[in-house]
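Quick note on this note's numbering: the sequence shown kicks off at 27 and runs consecutively.
We put the CB at the ideal spot given by N, CA and C, even for glycine.
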Amino acid sequence: MNNLKYGLKPVAGLVFCLFCLTYGYAKVDDASWKEMEATFKKNITSKNAPDRILALNTIASADRKEAVVLIIDALGKACDKIQGLLRDKEKILESGKDKVIDSKISEKAAELIPQIEAEESVKSAAIETLKKVTDIEAISILLDSMVKTSNTNTKLALLEVAARKSSDPANEALLKLLNDSSDAIKISAATSLGENKYMPAVPKLIALLSEKTWQVKYTAAEALGFMGSLDAVGPLVDALQKESGRVKDEIVSALGLLTKNNFGDNPPLWKDWYEKNKADLQTAINRNDAPKNTPLVKEAKTTYYGLNVTAKRPIFLIDISMSMSFLITDSEAGKMPPGADGSALAANAKLNIAKQELMKVINSLADDVRFNIISYSDNVERWDKDLAPANSKMKKSAADYIDKLKLKGKTNIYDALEMAFNMAGVGAADKNYALGVDAIYFLTDGKPTLGQIQDTNKILEKVREWNKLSKIAIFTIALGQDTEEAFLKKLAEDNGGTFVSKKN
27 MNNLKYGLKP
37 VAGLVFCLFC
47 LTYGYAKVDD
57 ASWKEMEATF
67 KKNITSKNAP
77 DRILALNTIA
87 SADRKEAVVL
97 IIDALGKACD
107 KIQGLLRDKE
117 KILESGKDKV
127 IDSKISEKAA
137 ELIPQIEAEE
147 SVKSAAIETL
157 KKVTDIEAIS
167 ILLDSMVKTS
177 NTNTKLALLE
187 VAARKSSDPA
197 NEALLKLLND
207 SSDAIKISAA
217 TSLGENKYMP
227 AVPKLIALLS
237 EKTWQVKYTA
247 AEALGFMGSL
257 DAVGPLVDAL
267 QKESGRVKDE
277 IVSALGLLTK
287 NNFGDNPPLW
297 KDWYEKNKAD
307 LQTAINRNDA
317 PKNTPLVKEA
327 KTTYYGLNVT
337 AKRPIFLIDI
347 SMSMSFLITD
357 SEAGKMPPGA
367 DGSALAANAK
377 LNIAKQELMK
387 VINSLADDVR
397 FNIISYSDNV
407 ERWDKDLAPA
417 NSKMKKSAAD
427 YIDKLKLKGK
437 TNIYDALEMA
447 FNMAGVGAAD
457 KNYALGVDAI
467 YFLTDGKPTL
477 GQIQDTNKIL
487 EKVREWNKLS
497 KIAIFTIALG
507 QDTEEAFLKK
517 LAEDNGGTFV
527 SKKN
């Protein structure tokens, strides 16, 4: 782009921008500011993302409060564009008959990805420029805008900036956001305050343990465990008496960090220990008289490929691509899949094993669990519209669905994961957020060979982005000899789950 548009000679402009990016911003005088402002307003409307990014970097170098106002406005517009494109993409993905995603729908949705990524690059640039602002008045405007804006996605972006400031004014502003009406804002603010170890937030984080949304309670427990305040021990013990699933697991983890004791997920034991020692917790912690052989989490009644299933809102993803016709011990390289000619599958073919295990885990789900199933190959489809209650009627319906699953084509991993997260609610104001999906059990025998995105590193990046606020644990099961184990291990590791490999 021509740097003369910014009132700078090409070389001088480049050197100036590099200096600012390397050493921080230096405030410009009023005359220079007016010229920069006029040029920014012209170039920030460009359809070309790199032009807008350069405009943001240049205006930010002024390090003035007026620049922050302009950058926040540009940030909000980028956030709105991203949300609009994501809504358009979700409509495309939901447009198929019975909401099945076939290859044509997937390809149409993929056409929007470059536009989304372009807007995300502008959003990221705006966030990074705001992180470098040092002017006190400018920072005050930034924090005030974060608290007052009604745009949830803009607020989340500004929250990311405030979290990096890690100053008392920034933390005080973050503390106000724990009262926000948006669960997503509460989750993000609680995470940041915990990471910053801002101790005045402890009482409010304790109060969040009584919130309705499980992700808010989970994040509050996580933050309290990290911060180390013994004031949280009693409230966490009380919360443990009534919680279940992933919130219960996180409270146990937080109590372990705070007390250095290990009573597993046995609420009465924790309660008894606390009542006996609450008058002098520090002495009791130093004494450390908890049994050393108590497991962190007791054995679950429900298991899936050896994984304890404690989730209360799981989604099970099952691979039905043609390679699932091989035996689990087979190497598939260069071979025609059994059953490709229409012949019957062996009883111990991977698909039959996967069906049996899935039926088994669903039949063992407790009455208070809600669940769903997503099958994927060339197409991606879900068994039920929403999470279904684990009663006898729905278990029979699920078993009938599983029994009828047929092999087909390739392996569309990205679209299957995206469908699961769309059901869970991946946006800050997503209509599905209250569904509360808490775990994904993802089974595959291969690697991505179809879908909007097939690069495993990009898939990992997208899932991390989706799961930043959703807090969904992802458990991965590799079935057979030819799986992409490094990808599946990382997918589980990044998202609070466990990887399992089954080769025989």
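Judged by DSSP secondary structure, Val-526 falls within the beta strand (DSSP E) whose first and last residues are 525-528. Taken atom to atom, the span from the alpha-carbon of Asp-77 to that of Ala-151 is near 11 Å. In the three-state scheme derived from DSSP, where H, G and I count as helix and E and B as strand, Asp-106 is classed as helix. DSSP places Val-94 within a helical segment (H, G or I) once states are collapsed to three. Around the beta carbon of Glu-248, 16 or more other beta carbons lie within 10 angstroms, which makes this residue buried.
Judged by pairs of C-beta atoms under 8 Å, the stretch 388-396 touches the stretch 326-340, as three or more such pairs exist. Looking only at Glu-116, Leu-283, Asn-438 and Leu-262, the smallest Cα-Cα distance to Ser-349 is reached by Asn-438. Apart from the 5 residues on each side of it in sequence, Ile-142 sits with its Cβ closer than 8 Å to the Cβ of Ile-108, Leu-111, Leu-112 and Lys-115 in its chain, given in chain order.
Beyond the five residues adjoining it in sequence on each side, Gln-241 comes within less than 6 Å, by CB distance, of Ile-213 and Lys-497 in the same chain, given in chain order. Judged by DSSP secondary structure, Asn-398 falls within the beta strand (DSSP E) whose first and last residues are 396-402. With a threshold of 16 other beta carbon atoms within 10 Å, Asn-74 falls short and is exposed. C-alpha of Thr-65 to C-alpha of Glu-133: approximately 38 Å in a straight line. Contact annotation: Asp-412 and Ser-423 have beta-carbon atoms that are not nearer than 9 Å. Shown here, Arg-113 sits in a helix according to DSSP, grouped into three states.
Contact between Thr-509 and Ala-518 does not hold, since their C-beta atoms are separated by about 13 Å, which reaches or exceeds 8 Å.
The stretch 501-508 makes contact with the stretch 463-482, as at least three CB pairs between them are under 8 Å.
Between Met-445 and Leu-138, the alpha-carbon positions lie close to 16 Å from each other.
For Arg-408, the beta-bridge partners assigned by DSSP are Ile-400. With a cutoff of 9 Å on beta-carbon distance, Ser-193 and Ile-165 are scored as near each other.
Non-local beta-carbon contacts of Ala-258 in its own chain, meaning distances under 7 Å to residues more than five positions away in sequence, involve Val-228, Ile-232, Leu-250 and Leu-284 in chain order. Taken through DSSP and simplified to helix, strand or coil, Phe-352 comes out as coil. Between Phe-513 and Thr-475, the gap from beta carbon to beta carbon reaches 9 Å or more. Under the three-state reduction of DSSP output, Ala-216 falls in the helix class.
In the structure shown, the three-state DSSP call for Thr-329 is strand.
Judged by their CB atoms, Lys-53 and Ala-104 are not nearer to each other than the 9 Å cut-off.
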